[in-house]
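Just so you know, the protein sequences line up as chains A and B, in that order.
If you read the first sequence in the numbering used here, its first letter stands for residue 1, the second for the next number, and so on.
If you read the second sequence in the numbering used here, its first letter stands for residue 1001, the second for the next number, and so on.
Note that CB positions come from ideal geometry on N, CA and C, so glycine has one too.
If you're wondering where the values come from, they're calculated on a predicted model, not measured in any experiment.
Just below is one structure, and these are the notes that go with it.
2 protein chains.
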Amino acid sequence: MNAFTPTDRSKVKRLHERGRYDEATIFPILDAAFIAHVGYVIDGQPYVTPTAFWREGRVLYWHGSAASRMLRFQEAGVPACVTVTHLDGLVLARSGFHHSINYRSVMAFGTARLVADPAEEARQLDLFVDRLYPGRRGEIRGNEKQELKGTTVIMMEIEEASAKTRSGPPKDDDADYALGCWAGVIPLAQVVGEAQADPKLTPGIAFPSGLADYVPGARFDAVLTACAGKLG
Amino acid sequence: MNAFTPTDRSKVKRLHERGRYDEATIFPILDAAFIAHVGYVIDGQPYVTPTAFWREGRVLYWHGSAASRMLRFQEAGVPACVTVTHLDGLVLARSGFHHSINYRSVMAFGTARLVADPAEEARQLDLFVDRLYPGRRGEIRGNEKQELKGTTVIMMEIEEASAKTRSGPPKDDDADYALGCWAGVIPLAQVVGEAQADPKLTPGIAFPSGLADYVPGARFDAVLTACAGKLG
């Protein structure tokens, strides 16, 4: 089993039985997600920026304008923490203390660096589109030189990562099961809605067949997992 | 209009026309959310921890075990960044470059501190339950002394905050509207599922009437907003 080696930085301390360090747990949580929260430090001040991200092997990527503060400061290579969270449900117990959350989360640590090679930058941006929208690159206009110049891709090889998850019903104190209150789980999921065509769309253009996984009502985490699975 | 005064720390630099600093924009984004990503620094290393949070006025609160690393280090009062993100949709444009995301996000800055007064700590934990689950405190067992001792509540008065949002259809380069590809928005929303009773639930106990907003199919952000609106 491929696994990350936790140090004090990534070791799950609180409820450590919920912690996992193996790729087989961590990668699916990452691949089912679209938004990560990237933490970095400027002059002792922490910043947490939400950003779309993608993964290739043990490396996480994200992008933005070459002008953005986060990316400007990260070009030199700075310590970063990339956190991904899926909220799966509210856990209602028979005491306030035992109320909980069902979730899947990953904290990944590494050094965020600029992808300096223009060819690799262009390849990663293609991978980002392919990872989200199978077949779409064949239908849209390709990137122009000045667009690539105005875009920065950041990479972070994962040095350490931990996953933390909870699932299942509440766990109450023995004596509390006799209480007359309802207990259980209210599931939560991020769901795809009905696609809204651009008001300026030329009439007669259908929703792309390559995006067939984006069915209204589908779970977005499942769609993302399916799309990632279609990569060559 | 009540607003936060941005400094270099919170000023939205990238696509600054998407930035807002007024409470009337920021508070509803916070109150529609359940999970925040809290950034803090230990020995130069950034950490981003997902956590449930709640708001009272200009103060954000979160809690955890008194043993957790994040809370242990924050007791002294440390700089923190609390970020909240709603992912509202994928924006598919006619070029890779103009693909975008519809979202509502807030970055809030301040100093995270321990809520040291036990009475205030207990009041805040009650507020947390009331904010999520109207009427539930009257049905469950109250907190016991040793439970409160084992729980830490952290507060962060917002010193600065900015909101950043995008909504609406793609914006393409003029020449690209003639392309034959589909363009538009795939909406995304976090949605409530069918409540799952605890397998150990005493038969005959119904789902609480106080939680009537948690209807299967309801948007969780709307439920949270409604519940926050019921606070005294």
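Which one of the options has the shortest CA to CA distance from residue i?
i       : options                            : result
R1020/B : D1198/B, E1147/B, A1163/B          : A1163/B
M156/A  : A3/A, W62/A, T51/A                 : W62/A
F4/A    : T225/A, T152/A, V106/A, P216/A     : V106/A
I1251/B : D1126/B, R1055/B, F1220/B          : The first residue shown for chain B is 1001 and the last is 1232, placing residue 1251/B beyond what the model contains.
F1128/B : G1232/B, E1017/B, P1006/B, R1018/B : G1232/B
Y47/A   : R1166/B, I1205/B, A1108/B, V1115/B : A1108/B
S100/A  : V38/A, A183/A, F53/A, A112/A       : A183/A
D1221/B : F1034/B, K1013/B, T1007/B, K1011/B : F1034/B
R14/A   : T1152/B, L1092/B, D1043/B          : T1152/B
A951/B  : G110/A, N143/A, F97/A              : Lying before the first or after the last residue shown, residue 951/B is absent from chain B, which here runs from 1001 to 1232.
Y1133/B : G1077/B, A1212/B, G1057/B          : A1212/B
L1030/B : A1161/B, T1111/B, E1017/B          : A1161/B
G142/A  : A1116/B, T1083/B, K1149/B, C1181/B : C1181/B
Q196/A  : V84/A, V215/A, R137/A              : V215/A
R1136/B : G1057/B, D1022/B, F1207/B          : F1207/B
V223/A  : S1209/B, L1188/B, G1138/B          : L1188/B
P79/A   : A1112/B, A1093/B, I1042/B          : I1042/B
G1229/B : P1028/B, D1088/B, P1169/B, E1017/B : P1028/B
E194/A  : L179/A, A218/A, D173/A             : A218/A
A52/A   : Q45/A, T85/A, G77/A                : T85/A
S1167/B : L1092/B, V1191/B, N1102/B          : N1102/B
Where does residue i land, buried or exposed, given buried means 16+ other C-beta within 10 angstroms?
i       : result
A119/A  : exposed
Q146/A  : exposed
G39/A   : buried
V1185/B : buried
L1002/B : Checking the sequence, you will find Asn at residue 1002/B rather than Leu. Exposed is the call here.
T1007/B : exposed
D1130/B : buried
P1203/B : exposed
S1095/B : buried
A1032/B : buried
G110/A  : buried
A116/A  : exposed
S1209/B : exposed
D22/A   : exposed
A175/A  : exposed
P1050/B : buried
A1112/B : buried
Bridge partners for residue i per DSSP, in chain order?
i       : result
G1060/B : In the sequence on display, residue 1060/B carries Leu and not Gly. Its beta-bridge partners are R1055/B, M1156/B.
V1084/B : V1106/B
R1219/B : V1191/B
P79/A   : T111/A
A212/A  : Looking at the DSSP assignment, A212/A forms no beta bridge with any residue, so it has no partner.
A1206/B : DSSP, once it has assigned bridges, lists no residue as partnering A1206/B.
Q1196/B : V185/A
What residues from chain C crowd round residue i, counting only those whose CB sits closer than 8 Å?
i     : result
R94/A : Of the protein chains in the structure, A and B, none is chain C.
Worksheet item: Got a sec: which bits of the region 147-172 of chain A sit with their beta carbon under 7 Å from any beta carbon on chain B, in order along the chain?
Response: E147, P169, P170
Item to complete: Pull out every residue of the region 1100-1124 of chain B whose Cβ sits closer than 9 Å to any Cβ of chain A, in chain order.
Response: I1101, Y1103, S1105, M1107, F1109
Discussion item. Quick check on the DSSP output: what are the complete beta strand (DSSP E) runs of length 3 or more inside the region 1087-1120 of chain B, in order along the chain?
Written reply: 1100-1114
Fill in: the region 193-215 of chain A: positions lying closer than 9 Å to chain B by Cβ
G193, E194, A195, Q196, A197, D198, P199, K200, L201, T202, I205, A206, F207, P208, L211, Y214
Worksheet entry | Any alpha helix (DSSP H) of 4 or more consecutive residues that is wholly inside the region 127-194 of chain A | 145-149
Item to complete: Enumerate, from N- to C-terminal direction, the unbroken alpha helix (DSSP H) stretches of 4 or more residues contained entirely within the region 12-59 of chain A.
Response: 23-31
Practice prompt. Taking only beta carbons into account, state which residues of the region 1076-1088 of chain B come closer than 7 Å to chain A, listed in chain order.
Written response: P1079, A1080, C1081, T1083, T1085, L1087
Discussion item. Closer than 7 Å between beta carbons: that is the criterion. Which residues of the region 179-193 of chain A meet it against chain B?
Written reply: L179, G180, C181, W182, A183, G184, V185, I186, P187, L188, A189, Q190, V191, V192, G193
Fill in: Contact list for the region 1031-1051 of chain B against chain A, Cβ threshold 8 Å
F1034, I1035, H1037, V1038, G1039, Y1040, V1041, G1044, Q1045, P1046, Y1047, V1048, T1049, P1050
Fill in: Within 8 Å of chain A by C-beta, residues of the region 1136-1147 of chain B in sequence order
R1136, R1137, E1139, I1140, R1141, G1142, N1143, E1144, E1147
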